[in-house]
Each structure stands twice: as C-alpha cells, then as structure tokens.
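Trainee: One structure, pasted below without further comment.
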C-alpha cells in the first residue's frame, strides 16, 4: 500500500512564504494573506535563519494557523519543499515575502478549484503591468513557466504526483516543476483575474543572465538531444526575442526523437505547421499534375 508523505487535509489552502532577510516586506505580505475572507488558510513561513527582524515580525501576528520555522536552508526551493511537506491544505500556494495577494483571491481560488481541478493559476502584476503569460501545454516545454509561480495553486495530489522542487535549479525550479506537471498530464485551470502583485527584490527577478542559462538547461532536460545553443534559439523564438527561421530545420532534425518535441514546436510556432502543410500541399499538387500529364 502506498503511504502518502503529506498530512491529512485540515485547511482549504496552505500558503507557503519562504523568507530571508525580508523585514521590510514580510508584514505587508502576511497581511495580504490573513485578510482573505471565506476560506480556511494555513500559513507556513519558512525563514532561512535571517539575522534581521523577519521571524519576529511574523511571530507578532500570533495567528493560530501560522507556522514559523527559522533555520538555515539551501535556498528558496529548499524552503518551499519544507513547507510543502508540512502542508495540511487541500491546495498549496507559494507567496514570496515581497509579494502580496489581491483582495478576495483565495476564495476565488477555492471556487475555481472545485470539481477536482489539479492546478489553478491566475494573473500576476509586475510593476503595475500584467505579466505576459503563455499557455499551459507542450509549448511551455521549450519556454519557461507559463504563468507566475506565486499565482499558482496546486492540489496536494498534484504535488504528490509531480514531486518536490528540484534543488539543482536555483532560479528555474518552478518552471521545471510545472514542466513535469505538463508531461504527467496534470490539469490546469487558468483564471483571467489578477491573483498577486509580484515584488522585484527576489532572486529570480534580478539575475536575467542566470535565468537564461537555467531556462535552457530545463529545456534540455525536457529534450536531451538539443544542444544549449538550440535550446536558447527556441527559447528566444518562443518569447519573441529572436528569429524563428530555423525552427522547421530543428523539427526535421529531431522530429523522430520525440513526438512531444514535435507537439511543442507545433503549439509554440503554429505558422511553422501552416507552412509545412502548405509545402506538402504544393508537393502533392505537383505529383498530381505529373500523373494527369502522363494519363492525358
């Protein structure tokens, strides 16, 4: 018999808040969670042993549904993994210490998760602008995370199926987790409503070069036959940062390696498929003309 490592559900939602030296923002973050009506919420603050007032500010809230752990860890995803393993909520969300939920969002999440939906994701505001989200599907496997991680809520069953975050990745472990979910056919319901205002002081928002390197590594994990340069070419093409003229050549080169890779290309670059169909149509018409000329 398979024994779950997750605890019995006691709350609608668990919100995990990984922190490290976040005394300037943690109060606003926690207030945005505690002020949410209509839902039973567990808050797990996992602090990396901050030497400032982060832990004491969290403790000042004195909420019976808040757990605070302050100890050294191996980075933000190690902290999140600790929270996931402790979670007692039916849904699990992650909120950065410099992020804040919009009002009444958790009740909307609970409502949209009804019927056994495994992932619910909303929109993210960054500096007052909507994040440019992408579709949840195979195309994301040659891009990155299709929505803001802090706007994602996954069921305990989804975490049990997908597993914890891979600490190999310091920045892009969230994208790699979502990619695993996609490959396992975990369902996702997208809500066109702003869930969270994203802070810009976190690790993943201040290291663009490292983000690119890790994102390419995640793409290569999905499709090991790709070189780093090819992975970067696809990433830039999907994001609209570079040319896409050689995508069809990559499909021809590696199409036999993976049906999922072909699906990702078709979904990410629909114009490529249209062009391929057009080309096949022209070749078919050419053969048909030859047959007709021989017959008549």
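Residue numbers (my numbering): 28 to 323. Don't be surprised by glycine CBs; every beta carbon is placed ideally from N, CA and C. From a predicted model like this one, the values you see are computed outputs, not experimental measurements.
On the three-state DSSP scale, how would you describe residue 283?
Mentor: If DSSP states are grouped into helix, strand and coil, residue 283 belongs with coil.
Trainee: Return helix, strand or coil for residue 66, following the three-state DSSP convention.
Mentor: Residue 66 falls in the coil class under three-state DSSP.
Trainee: Between the region 145–158 and the region 77–87, do three or more beta carbon pairs fall short of 8 Å?
Mentor: The region 145–158 vs the region 77–87: no contact.
Trainee: Residue 192 by DSSP, collapsed to three states: which one?
Mentor: Of the three classes helix, strand and coil, the one that applies to residue 192 here is coil, per DSSP.
Trainee: For residue 253, which option in 168, 96 and 91 has the closest C-alpha, if you only look at C-alpha atoms?
Mentor: The shortest C-alpha separation from residue 253 is found at 168.
Trainee: Is it buried or exposed, residue 110, if we count other Cβ atoms within 10 angstroms and call 16 or more buried?
Mentor: That one is buried.
Trainee: Using CA coordinates, which residue listed in 92, 36 and 292 is at the minimum distance from residue 165?
Mentor: If we check each option's Cα against that of residue 165, 292 comes out closest.
Trainee: If you count every other CB in all the chains shown that lies within 10 Å of the CB of residue 52, and 16 or more means buried, which is it?
Mentor: Answer is buried; the Cβ neighbour count reaches 16.
Trainee: Helix or strand or just coil, what does DSSP make of residue 122?
Mentor: Coil at residue 122, not helix or strand.
Trainee: With a 10 Å radius around its C-beta and 16 neighbouring C-beta atoms as the bar for buried, classify residue 259 as buried or exposed.
Mentor: Buried, since its Cβ has 16 or more Cβ neighbours within 10 Å.
Trainee: Who are residue 156's beta bridge partners in DSSP?
Mentor: The partner list for residue 156 (beta bridge, DSSP) reads 153.
Trainee: Check the DSSP bridge columns for residue 93 and list the partner residues they point to.
Mentor: Residue 93 is bridged to 70.
Trainee: Quick one: Cα of residue 218 to Cα of residue 121, how far?
Mentor: Taking the straight line from one Cα to the other gives about 17 Å.
Trainee: By the three-class DSSP mapping on this structure, what secondary structure does residue 247 have?
Mentor: Residue 247: helix per DSSP, three-state reduction.
Trainee: Return the CA-CA distance between residue 261 and residue 251, expressed in angstroms with no decimal places.
Mentor: Cα-Cα distance, rounded: 14 Å.
Trainee: Alpha carbon to alpha carbon, how far is residue 271 from residue 211?
Mentor: Their Cα atoms are separated by approximately 28 Å.
Trainee: With distances taken Cα to Cα, identify the nearest neighbour of residue 177 among 64, 226 and 98.
Mentor: Per the Cα distances, 226.
Trainee: Can you give me the Cβ contacts of residue 294 inside the same chain, cut-off strictly under 6 Å, excluding the 5 residues immediately before and after it?
Mentor: Contacts found: 164, 165 and 166.
Trainee: Report the partner residues of residue 127 according to the DSSP bridge assignment.
Mentor: Residue 127 pairs with 224.
Trainee: Between residue 175 and the rest of its own chain, which residues show a CB-CB distance below 7 Å, the 5 nearest in sequence each way excluded?
Mentor: Contacts found: 151, 158, 223 and 225.
Trainee: Report the option in 132, 88 and 170 whose CA atom is closest to the CA atom of residue 239.
Mentor: The candidate whose alpha carbon is nearest that of residue 239 is 170.
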